[in-house]
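> Protein chains in written order, with our numbering: chain W, 11 to 332; chain B, 11 to 332; chain L, 11 to 332; chain A, 11 to 332; chain X, 11 to 332.
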Amino acid sequence: MIVDCAVYEDGCRCAGDLPLAEAGEAAQRDGSFVWIGVFEPSEQEFDAVAREFDLHELAVEDAVNAHQRPKLEVYGDTLFVVLKTVRYVHDRHDVESGEIMLFVNRDFVVSVRHGESKLHDVRLQIERRPDLLRCGAGAVLYAVVDRVVDDYEPVVQAVEADIQDVEHEVFAPTRSNPAERIYTLEREVLDLHRAVTPLTPAIDKLARGHYELIDPELRTYFRDAHDHILRVNGRIEAFRDLLSSALQANLTQAAVRQNEDMRKISAWVAILAVPTGVAAIYGMNFDHMPELEWAYGYPLVLGLTAVICLMLYWRFRRSGWL
Amino acid sequence: MIVDCAVYEDGCRCAGDLPLAEAGEAAQRDGSFVWIGVFEPSEQEFDAVAREFDLHELAVEDAVNAHQRPKLEVYGDTLFVVLKTVRYVHDRHDVESGEIMLFVNRDFVVSVRHGESKLHDVRLQIERRPDLLRCGAGAVLYAVVDRVVDDYEPVVQAVEADIQDVEHEVFAPTRSNPAERIYTLEREVLDLHRAVTPLTPAIDKLARGHYELIDPELRTYFRDAHDHILRVNGRIEAFRDLLSSALQANLTQAAVRQNEDMRKISAWVAILAVPTGVAAIYGMNFDHMPELEWAYGYPLVLGLTAVICLMLYWRFRRSGWL
Amino acid sequence: MIVDCAVYEDGCRCAGDLPLAEAGEAAQRDGSFVWIGVFEPSEQEFDAVAREFDLHELAVEDAVNAHQRPKLEVYGDTLFVVLKTVRYVHDRHDVESGEIMLFVNRDFVVSVRHGESKLHDVRLQIERRPDLLRCGAGAVLYAVVDRVVDDYEPVVQAVEADIQDVEHEVFAPTRSNPAERIYTLEREVLDLHRAVTPLTPAIDKLARGHYELIDPELRTYFRDAHDHILRVNGRIEAFRDLLSSALQANLTQAAVRQNEDMRKISAWVAILAVPTGVAAIYGMNFDHMPELEWAYGYPLVLGLTAVICLMLYWRFRRSGWL
Amino acid sequence: MIVDCAVYEDGCRCAGDLPLAEAGEAAQRDGSFVWIGVFEPSEQEFDAVAREFDLHELAVEDAVNAHQRPKLEVYGDTLFVVLKTVRYVHDRHDVESGEIMLFVNRDFVVSVRHGESKLHDVRLQIERRPDLLRCGAGAVLYAVVDRVVDDYEPVVQAVEADIQDVEHEVFAPTRSNPAERIYTLEREVLDLHRAVTPLTPAIDKLARGHYELIDPELRTYFRDAHDHILRVNGRIEAFRDLLSSALQANLTQAAVRQNEDMRKISAWVAILAVPTGVAAIYGMNFDHMPELEWAYGYPLVLGLTAVICLMLYWRFRRSGWL
Amino acid sequence: MIVDCAVYEDGCRCAGDLPLAEAGEAAQRDGSFVWIGVFEPSEQEFDAVAREFDLHELAVEDAVNAHQRPKLEVYGDTLFVVLKTVRYVHDRHDVESGEIMLFVNRDFVVSVRHGESKLHDVRLQIERRPDLLRCGAGAVLYAVVDRVVDDYEPVVQAVEADIQDVEHEVFAPTRSNPAERIYTLEREVLDLHRAVTPLTPAIDKLARGHYELIDPELRTYFRDAHDHILRVNGRIEAFRDLLSSALQANLTQAAVRQNEDMRKISAWVAILAVPTGVAAIYGMNFDHMPELEWAYGYPLVLGLTAVICLMLYWRFRRSGWL
């Protein structure tokens, strides 16, 4: 589905929407370029676009099928960029990912969006920067990359909050076992890692001026985006180390708690063994057991047993077993 | 066993099968090449082919013996490529691997197949693309590489499903111990890794135009194959991390379950200790134990014991020990 | 907030403070440069500085917002350097971090400080080295980098002391479980790692003369700073390995202690089981039990039981169970 | 001890053995070279050889002392290659290692052998390949390298068999604890790794034509050897991962078995607690306990107790505790 | 403290000691150089040396303060090399480290020693090699580097012996817990690693002829030292892997031993439960218990109980629980 199609000339959007058929022609005009936004196109829908702009069959195949890895490839004069968008779903404590593919050429930008992400905002934002738009289609590429990378930040923040949560759970006295949560977080962080890492060298190349399509003035901006993605990457790396340690620490906590339980149980067993043992002794049937004949033998023995039990309880208490 | 032997000229297959003896001559003709498909050849069978096309003895040795690692080597004008094919066997939850070796030259392609893999399909498919076949023997190499790499995808998917299965088992309340399954999966993933990883730089070289045998137009196609193999590789890497964490999480679960069992057992031991202890007390033989003489002493004590046991049961229930 | 603003000419500070408005002009003079120190500026405050010295919008944005990663970037003729300062807070056994950003140009240095760090000291120190100041604005960059890197040393020392502390706790006979402390230290070390590591290649570039802004004479000094940061880095790497092993060793200690407790408990249970068992035997109601009729049967049995218990105690003692 | 000393001319061995004193002279002749095989020489023995061929003192020192790491060094015109030979001793399930050092020059090859390895076979084998011998002394180097690398294969196979053995032991129901075997295998694999890995870049350099001593025609052969060593290396890497996981899995199995034992024990304790508890109740001395007076009270209670025990046994059985 | 100060000319030591004040002048003479040995100098002592030879302030600072990391730096014409010396203290099973710093120039060598190490021996040794001394001051650098690297060997050997010791302890049946020893060894190995690893690239540079100060003839010798340090490094790497596995294996052993203890304890508990249970049954007060009235009831029951206990003992013995 074609969402928006406009001509940009001298840094400004030309008024009015453009039918696809005229877009190819408009794109040829000097100093101007066309930006077509497409949302989850079917093969047929995208075929029209591909024919209009003479896109390479392999790139087209990638653009129609989602679940690509982030990459930057050159097909003739056209850059083909795949970006992974991520979104933290607070209800499910889960990270959802989508994709944005961009065909960028001197004359046109074709952006293909899969999953939820707000390219319309990006369009409005970049339209407010005629100084950048004057640099040509690369400015659109920058605007999209910048947004995608900026959107990683809140996701990373949310995952960090989840990790801190799980840390508290590991060391909390509530005896919960967050092994599954830690594992699920590890999975999420791995997914994030796979979304972010392959993008890093691609943006680096854009920043270092590997492609003459990108106006030199834009390089500084791509370098800024590169720096942001490095920061995100560094934190994701740290997450992996932390979660791996948290899993190990959780195992330790489980072992330590088991030990505590065992000592507690044993202490009670020892306390309970006293009256049974004493009672068994006075349950013996010897003919001559003087205590049995004492008038106050029974309460005395009961009392003594209680005293021993209390003393044991107090000692166990003091040594931290109870 | 020679399976198929045909001349390709100007992007099309010349009618009719060719005896091996004429293949060498046909291969010399300008603008045409011969593709000979061989299946698990004996040394003698392959000697004829090797002599016809003057293949290097070391490459021939590799081609006859299976169990090579993936590689790309240059012997004079001829590229020698070894590819690992993989297949997921659903009955045994196991990954089977085979091999395809290719000798590629301006004049001929010799493909040697070990184990199950469907090169005939690849032949039919590439014959439907005269535009690619016109690029020469490199197109056949592309077609085979593309198929082999595409076939990794379903295997990776199946292994991922197995991993998710094992994850559920780890965290399921059924108390199974999937340590052996996790370990077996690790073995499989390692095998996959060894099949896929060494191929990556080889395809990269093909895509970057290291070999003039490969028509420049085909580079884009090899780059696409390279991208696919990187994606496969990335997922395999993630599998390794996941399985290692799953093994650790499984150990934690075992420890936590042991703790739960221990607490359950201890609770029952404590409950059972009450009647024994009480009974032992009233089994003492003191002369003066007033309770013994009470008319309702016996039911009273039994009832009291039952009440204490029920209270203990309820407390253990509430604190999660039972 | 502008903290200090001075002109340096021929290695010496010109007398008097300078209003910002005149700083730009003064900076243009040959052989002199201006150093403006700013502390946690608001966007408006920093806008004036940015306009005066024509700083790049992206660098300005980074300078106003804290929480950047360490980096060195070039915007036209201006180097933009972000440094992480760290400080060990002894009360909380915690590492606090701040930031210093520097814009360095032939004509000016703008230093922006976030969090606590003593740039004033650095200024006084470098003003005592006219030989270095004569090398231009790069000398200020060196002075700040050197101070920041030197300040890592005491933090690393303090963390090392904490690690040794935690090691003692792991192997101490006091049965404490320092899993949480180890984990917290791992977190701290990761933060340190993220503060220090990205700086290393940046300082290396300064030392290798990548930037003509830096006087060749200063390269040796930057190389010295690079060497210091490598030393810090090496120790941080070692911390990570140590803490990971400490976590594992702690788990082992927990397991071994549990075993010791179990054996201790079991020994007592065995000792207590003797009187109960013996008493139960003499509590049987057989008509013919000769011992029961012995005059000294009761004390004999009691004594025998005590002897057996003592012997058991002695044996358990000897075999290390008690 | 000099084992064999012969002149090779135009790809063939000249008849007769050569005394060392004439070897130096013979080596000078054009188009011919001398191959001297030495076995565990003493310093004095080797001194004669070293003087005859003017070998560098440092290389000589390395050649006399065993326990070098694999390497390739250039001393003037002479290549000095150290190779580690390995052999699997089936009786002791152990890997034994030896060394072969080679001095290779246009005019001579001096091979020094430490430990068991069959250089005589290599000599016979290469003498059957005059086409290779015609390439000069490099052919001998190839022949030795090829044999050493080929000999890694059966060792790797044997170690793999040991690993599979130990895997079966880990997951077998026999409750053995193969921790020590796993650890010993890890040690062996590490030793293998240290024998094989440093050789890889050395052979790569030989294959890439870094040394003009090596005839270009031999490069293909060295590339083949390089490929073999990469394959060996890949498997050794995989062994390390597998053994590390096996150790972890073994720990899990130990924990799971402990849990099983604990549940089994607890079940029996619970079953045994029933008769004791019931008997204690009917051992109370209340005056009014109607059951005691029943004619069939005793068998009834015994039977009831037995029934309860059997029911418990059956329930534990069903829930997998017994 | 200046320990020795001598002029070397044409490979030989000129007779007599030299006062520092004349050393600078002597150093200027063509074809000769001065070697000054200093031991743990105070700042003032070293100032005189630094002024005499015009050493760079940063290098001087490093030379006076110990605890540098190994490095090689160039200050103008002077190489500044820091080496870590290590020594194994057999009494404390500990590795002690010292430092040697060298200023090497065409005209002089200043060696600064911190901690114990025998530079005097090195001096005597190199003085016996006029062929090397003729290569200039670089020969002294080689002699010192060679000695330092050679001294790593016995330390590595001693640590390896310690590791084997600890391995035996892990798998010994004595039930000791060497977790702390393993951890301490890990610390030591890390320290060794930090002493050795940074030296490797420095010596490599010396061997590859990066510095024209080093006579080409010495390169071979530095290559030999580089090879030795690589060997040391490889073993240290292996130590780290081994110790990490040993820690894991130790945990497994602890778990397995706990299981064995638990089974042993449980077996005894089961055996002890039999007489108590049987005695409790015959302690019941039923009016009609025929066995109680049997003449030989008591010894019969005692005997039966003993038989059951022995049978249980025998079964537990056979199944490996006792």
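In this text, a Cβ means the ideal position worked out from N, Cα and C, and glycines have one as well. Model, not experiment: these values are computed from the prediction.
Check whether the region 61-81 of chain W touches the region 228-243 of chain B, counting contact only when three or more Cβ pairs, one atom from each stretch, lie closer than 8 Å.
The region 61-81 of chain W, when compared against the region 228-243 of chain B, does touch it at the 8 Å Cβ threshold.
> Do you know whose CA, among W/W331, W/V48, W/V165 and W/T286, lies nearest W/R97's CA?
Ranking W/W331, W/V48, W/V165 and W/T286 by Cα distance to W/R97 puts W/V165 first.
> Give me the Cα-Cα distance between A/E126 and X/V155, rounded to the nearest whole angstrom.
So the alpha carbons of these two residues sit roughly 34 Å apart.
> In this structure, does DSSP put A/E222 in helix, strand or coil?
Coil, per DSSP.
> Taking 8 Å as the threshold, find out whether the region 85-99 of chain L comes into contact with the region 110-129 of chain L through three or more Cβ pairs.
Enough Cβ pairs lie closer than 8 Å, so yes.
> Quick one: measure Cβ to Cβ for W/A265 and B/A265, integer angstroms, because I've assumed they're closer than 8 Å.
Contact flag correct, Cβ pair sits at about 6 Å.
> Under a Cβ-count criterion, where at least 16 other Cβ atoms within 10 Å of its own Cβ denotes burial, should A/T184 be classed as buried or exposed?
Classification of A/T184: exposed, given that the 10 Å Cβ count is below 16.
> Check each residue of the region 74-98 of chain A: if its Cβ is closer than 7 Å to any Cβ of chain B, include it; give the result in chain order.
If the cut-off is 7 Å between Cβ atoms, the region 74-98 of chain A has nothing near chain B.
> Nearest CA to the CA of W/Y231: which residue from W/T194, W/G313 and W/R157?
It is W/R157.
> For B/D64, go through chain A and note every residue whose CB falls closer than 8 Å to its CB, in chain order.
Result: empty, since nearest Cβ-Cβ is about 14 Å, beyond 8 Å.
> To the nearest angstrom, how far is it from the Cα of B/L195 to the Cα of B/V169?
Going by the C-alpha atoms only, they are around 8 Å apart.
> Pull out every residue of the region 259-271 of chain A whose Cβ sits closer than 8 Å to any Cβ of chain B, in chain order.
The residues in question are A259, L261, T262, Q263, A265, V266, Q268 and N269.
> Taking the beta carbon of W/M299 as the centre, do at least 16 other beta carbons fall within 10 Å, making it buried, or is it exposed?
Result: buried.
> Does the distance from the CB of W/G293 to the CB of B/N295 come in under 8 Å?
The answer is yes: Cβ separation under 8 Å.
> In this structure, does DSSP put W/C24 in helix, strand or coil?
Coil, per DSSP.
> Output yes if chain X places a C-beta closer than 8 Å to the C-beta of L/S127; else output no.
L/S127 does not count as touching chain X.
> Could you list the residues in the region 281-296 of chain B with a C-beta less than 9 Å from some C-beta on chain W, going in chain order?
So the list reads A283, V284, T286, G287, V288, A289, A290, I291, Y292, G293, M294, N295 and F296, given in the order they occur along the chain.
> Am I right that B/C22 and B/I46 are in contact with their C-beta atoms under 8 Å? What's the rounded C-beta distance?
Going by Cβ atoms, the distance from B/C22 to B/I46 rounds to 17 Å, so no, they are not a contact pair.
> When the Cα atoms are used, what is the spatial distance from L/E198 to L/S254?
Their Cα atoms are separated by approximately 13 Å.
> Quick one: what's A/A16 bridged to in DSSP?
Beta-bridge pairing links A/A16 to A/W45.
> In whole angstroms, what separates the C-alpha of A/E301 from that of A/G307?
Approximately 6 Å between the Cα atoms of the pair.
> Quick test of your reading: B/V284 and B/I318, contact by CB under 8 Å. State the CB separation rounded to the nearest angstrom.
Right, their Cβ atoms sit about 5 Å apart.
> Write down every uninterrupted run of the alpha helix (DSSP H) in the region 174-206 of chain B whose length is 4 residues or greater and which is fully enclosed by it, in chain order.
Complete alpha helix (DSSP H) runs here, min 4: 189-206.
> Residue range of the beta strand (DSSP E) that L/R97 falls in?
Counting along the chain, the beta strand (DSSP E) containing L/R97 begins and ends at T88 to V99.
> Check the Cβ of A/W278 against every Cβ in chain X and list those closer than 7 Å, keeping chain order.
Per Cβ cutoff of 7 Å: A280.
> Under 8 Å by Cβ, that's how I've got X/V13 and X/V48 pegged, so tell me the actual separation to the nearest angstrom.
At roughly 7 Å, the Cβ-Cβ gap stays under 8 Å, so X/V13 and X/V48 are in contact.
> Give the range of the alpha helix (DSSP H) segment to which A/M321 is assigned.
Its alpha helix (DSSP H) spans residues G307 to R328.
> Quick check on the DSSP output: what are the complete beta strand (DSSP E) runs of length 3 or more inside the region 98-126 of chain W, in order along the chain?
Fully enclosed beta strand (DSSP E) runs of 3 or longer: 104-114 and 118-124.
> Along the alpha helix (DSSP H) that carries W/K215, what are the first and last residues, could you check?
W/K215 -> alpha helix (DSSP H) spans L209 to A217.
> Distance cutoff 8 Å, beta carbons only. Does B/L216 sit that close to anything in chain A?
It does not: the Cβ of B/L216 has no partner Cβ on chain A nearer than 8 Å.
> Does A/N187 come within less than 8 Å of chain X when only Cβ atoms are used?
Closer than 8 Å: yes.
> Of the residues B/A60, B/V119 and B/K128, which one's Cα is nearest the Cα of B/G108?
Per the Cα distances, B/K128.
> Which term fits L/V59, buried or exposed, when burial requires 16 or more other beta carbons within 10 angstroms of its beta carbon?
When all chains shown are included, L/V59 counts as buried.
> With a 10 Å radius around its C-beta and 16 neighbouring C-beta atoms as the bar for buried, classify L/Q258 as buried or exposed.
Classification of L/Q258: buried, given that the 10 Å Cβ count is 16 or more.
> Can you check DSSP and say which residues form a bridge with A/K81?
A/V92.
> State the Cα-Cα distance for the pair L/I192 and L/V176, rounded to the nearest angstrom.
Computed Cα separation, rounded: 7 Å.
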